[in-house]
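Colleague: Start counting at 1 in the sequence shown, then tack on 1068, and there's your number in the numbering used here.
Backbone N, C-alpha and C define an ideal beta-carbon position, used for all residues, glycine too.
Note that the structure is a prediction, hence the values are computed from the model and not measured.
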Amino acid sequence: MLLEGPVKITQDSIHAIVLGFSSAIIADKDNREEFTYRNKHGQDRYTSRLHKRHVIKVGSMICFEVKSFDEEILRFFGSLKPDATGSIHWSDRNLEDIPQSDRIAKKKRENEGESLIVEQNAMAEEPVKKPKKQN
């Protein structure tokens, strides 16, 4: 089950208000590896290393997977591991139907291709020509 709600951020977890009255906690261990915690200009945030504009900050609406529910204190425990989770603002605009593992593999292939081109130019012992910028 996926739920959504606005968030508050700490270094160890993301807290959200769900359904207007219940709280949710997403521990750091339940985040995808691509998200890293940062405090930028006094504002706590989790930023994706794969997509620089995929940011979860205070007040952001997130979609997360429900792992469990504590009935006594009405608290959800969630996860951002599935691909369809994260910032709703970013997901609505950018999420493709490509699984995360395919996106990571594609990015690695692109990076390997760039390093291969650099190595080929270095082996040819020719100066690398840079394209002219068009104004």
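Compute the Euclidean distance between the alpha carbons of GLY1088 and PHE1132, then round it to the nearest angstrom.
Modeller: Answer to the nearest angstrom: the Cα atoms are 16 Å apart.
Colleague: What is the DSSP secondary structure of ILE1141, counted as helix, strand or coil?
Modeller: Here ILE1141 sits in coil by DSSP.
Colleague: Applying the criterion that 16 or more other CB atoms from any shown protein chain within 10 Å of the CB defines a buried residue, is SER1136 buried or exposed?
Modeller: Classification of SER1136: exposed, given that the 10 Å Cβ count is below 16.
Colleague: Identify which residue in SER1159, ASP1160, VAL1126 has its Cα closest to the Cα of ARG1106.
Modeller: Of the listed residues, the one whose Cα sits closest to ARG1106 is VAL1126.
Colleague: Taking DSSP as the reference, what is the three-state secondary structure of ARG1113?
Modeller: Strand at ARG1113.
Colleague: Alpha carbon to alpha carbon, what distance is there between ALA1095 and ASP1080?
Modeller: Rounded to whole angstroms, ASP1080 to ALA1095 spans 6 Å at the Cα level.
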